[in-house]
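S.K.: Residue numbers (my numbering), protein chains in the order written: chain H, 93 to 243; chain A, -6 to 138. Glycine included, each C-beta is placed from N, C-alpha and C at the ideal position.
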């Protein structure tokens, strides 16, 4: 259970707060730029949390008690993306945001681009960590080898 | 550092003279200890063998059994994985997932796997997954923090 809790915190609760905070900042900025005269009721204040929850919950598909293979992770990542797309489309549909087909397509593409960008950034970060670890590993072995040669 | 080797003794013994115990001295100590360290393992039809720790690439727990993998052979070890971890953590064996303990000295390189995990490419050509939760332990072993 504690393993699930730690997964829940790292992959669902933490992203929920980050997404909610980002949307809370993005909405007023974009609103001031594109539709500065728009007025909202109090119910609008719930939208960042609702979007945050809807887009962070799909991360639960990546949970597993056993170690997942790379193929399984890839498949689950695709399922996560599909669920996020579905959640975003559903929320937009409920809010009557789809005035025409091009709006729907642009929402789908935007979600896809954000998801792929986040994955790419995480991968590049991991690649950098892996390279640093390999360099340090080689250094450690060289030190050991020189010690052996001195004996 | 001066190195002096004397022969003609009944038992092999290494004495390190130093001004103070540094990380390097600790490293030399663990290296010397690992050189003589042997592990009793079981092979085909329960035959017992003595393996040098240096030759073991990794230990893996499968169901209730623990196996030791060398470059080309597999042996069963009659110990639990956590016991091996406690016994051999000072001999460069690091836990990299719930069921695997790797010999850091036999890792050739590390590459990213997905989801914050990594692959340890072993010298025998095998790829071992390093779980996200055990990455800090591996970093500690490599960076010596």
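(1) Drop a sphere of 10 angstroms on the beta-carbon of residue 144 of chain H, count the other beta-carbons inside from all chains shown, and report buried for 16 or more, exposed for fewer.
(2) Which residues, in order along the segment 138 to 151 of chain H, keep a beta-carbon less than 8 Å from a beta-carbon of chain A?
(3) What ranges does the alpha helix (DSSP H) occupy inside the segment 70 to 110 of chain A, keeping only unbroken runs of at least 4 residues that lie completely in it?
(4) Which residues in chain H have a C-beta closer than 8 Å to the C-beta of residue 109 of chain A? List them in chain order.
(5) Please name the residue in A:96, A:97, A:98 and A:113 whose C-alpha comes closest to that of residue 104 of chain A.
(6) For the beta strand (DSSP E) containing residue 44 of chain A, list its first residue and its last residue.
(7) Starting from the Cα of residue 94 of chain A, find the closest Cα among A:25, A:15, A:50 and A:43 and give me that residue.
(8) Write down every uninterrupted run of the alpha helix (DSSP H) in the segment 139 to 219 of chain H whose length is 4 residues or greater and which is fully enclosed by it, in chain order.
(9) Assign residue 85 of chain A to one of two classes, buried (16 or more other C-beta atoms within 10 Å of its C-beta) or exposed (fewer than that).
(10) Evaluate residue 135 of chain A with the Cβ neighbour count: other Cβ atoms within 10 Å of its Cβ, from every protein chain shown; 16 or more gives buried, anything less gives exposed.
(11) For residue 32 of chain A, which beta-bridge partners are listed by DSSP?
(12) Measure the C-alpha to C-alpha separation of residue 199 of chain H and residue 189 of chain H and round it to an integer number of angstroms.
(13) How long is the line joining the alpha carbons of residue 171 of chain H and residue 67 of chain A, rounded to whole angstroms?
(14) Roughly how far, in whole angstroms, is the beta-carbon of residue 125 of chain H from the beta-carbon of residue 183 of chain H, given that I think they are within contact range, below 8 Å?
(15) Buried or exposed, going by whether 16 or more other CB atoms sit within 10 Å of the CB of residue 75 of chain A?
(16) Residue 95 of chain H lies in the alpha helix (DSSP H); which residues open and close that run?
(17) Tell me which residues share the same chain as residue 120 of chain A and place their Cβ nearer than 8 Å to its Cβ, disregarding the 5 neighbours each side in the sequence.
(18) Which chain A residues are close to residue 165 of chain H, counting only those with a beta carbon under 7 Å from its beta carbon?
(19) For the alpha helix (DSSP H) holding residue 133 of chain A, just list the boundary residues, first then last.
(20) Please name the residue or residues paired with residue 109 of chain H in a DSSP beta bridge.
(21) Looking only at its chain, what residues have a beta carbon closer than 6 Å to the beta carbon of residue 112 of chain H, apart from the 5 residues adjacent to it on each side?
(22) With distances taken Cα to Cα, identify the nearest neighbour of residue 214 of chain H among A:132, A:116 and A:106.
(23) Following the continuous beta strand (DSSP E) through residue 122 of chain A, name the residue where it begins and the one where it ends.
(24) Which residues does DSSP list as the beta-bridge partners of residue 52 of chain A?
(25) DSSP state of residue 126 of chain H, grouped into three classes?
(26) Short of 8 Å Cβ to Cβ, which residues in the segment 89 to 107 of chain A face chain H?
(27) Residues of chain H with CB under 8 Å from residue 135 of chain A, in chain order?
(28) Within a Cβ cutoff of 8 Å, which residues of the same chain sit near residue 101 of chain A, ignoring the five residues on either side of it in sequence?
(29) Please state if the CB of residue 73 of chain A and the CB of residue 87 of chain A are separated by a distance shorter than 8 Å.
(30) Under 9 Å Cβ-Cβ, which residues of chain A neighbour residue 208 of chain H?
M.R.: Per the coordinate set shown:
(1) When all chains shown are included, residue 144 of chain H counts as buried.
(2) Answer set for the segment 138 to 151 of chain H: empty.
(3) The segment 70 to 110 of chain A contains these whole alpha helix (DSSP H) runs: 74 to 81.
(4) Those within 8 Å of residue 109 of chain A in chain H are 214 and 218.
(5) Cα-wise, what sits closest to residue 104 of chain A is A:113.
(6) Run containing residue 44 of chain A: 41 to 45, per the beta strand (DSSP E) assignment.
(7) Per the Cα distances, A:50.
(8) Uninterrupted alpha helix (DSSP H) stretches at least 4 residues long and entirely within the segment 139 to 219 of chain H occur at 139 to 148 and 162 to 186, given in chain order.
(9) Classification for residue 85 of chain A: buried.
(10) So residue 135 of chain A counts as buried.
(11) Checking the DSSP bridge columns, you'll see residue 32 of chain A partnered with A:44.
(12) CA-to-CA, the gap between residue 199 of chain H and residue 189 of chain H works out to about 10 Å.
(13) It is roughly 37 Å from the alpha-carbon of residue 171 of chain H to the alpha-carbon of residue 67 of chain A.
(14) With a Cβ gap of about 22 Å, residue 125 of chain H and residue 183 of chain H do not count as contacting.
(15) Classification of residue 75 of chain A: exposed, given that the 10 Å Cβ count is below 16.
(16) DSSP places residue 95 of chain H inside the alpha helix (DSSP H), whose first and last residues are 94 to 100.
(17) For residue 120 of chain A, where only same-chain residues beyond five positions count, the Cβ hits under 8 Å are 112, 113 and 114.
(18) Taking a Cβ-Cβ threshold of 7 Å, the residues of chain A close to residue 165 of chain H are 107 and 108, in chain order.
(19) Run containing residue 133 of chain A: 128 to 136, per the alpha helix (DSSP H) assignment.
(20) Per DSSP, residue 109 of chain H has no beta-bridge partner at all.
(21) Apart from sequence neighbours up to five positions away, the residues of its chain that approach residue 112 of chain H with a beta-carbon distance below 6 Å are 140, 141 and 144, ordered along the chain.
(22) Out of A:132, A:116 and A:106, A:106 has the C-alpha closest to the C-alpha of residue 214 of chain H.
(23) In the DSSP assignment, residue 122 of chain A falls within the beta strand (DSSP E) that extends over 120 to 123.
(24) In DSSP, residue 52 of chain A forms a bridge with A:61 and A:94.
(25) Correct three-state label for residue 126 of chain H: helix.
(26) In summary, the residues of the segment 89 to 107 of chain A whose CB is separated from some CB of chain H by less than 8 Å are 90, 91, 92, 97, 98, 100, 102, 103, 104, 105, 106 and 107, in the order they occur in the chain.
(27) Chain H residues near residue 135 of chain A: 225, 228, 229 and 232.
(28) Hits under 8 Å: 114, 115 and 116.
(29) No, these two residues do not count as a Cβ contact at 8 Å.
(30) Within 9 Å Cβ-Cβ: nothing; residue 208 of chain H doesn't reach chain A, min ~13 Å.
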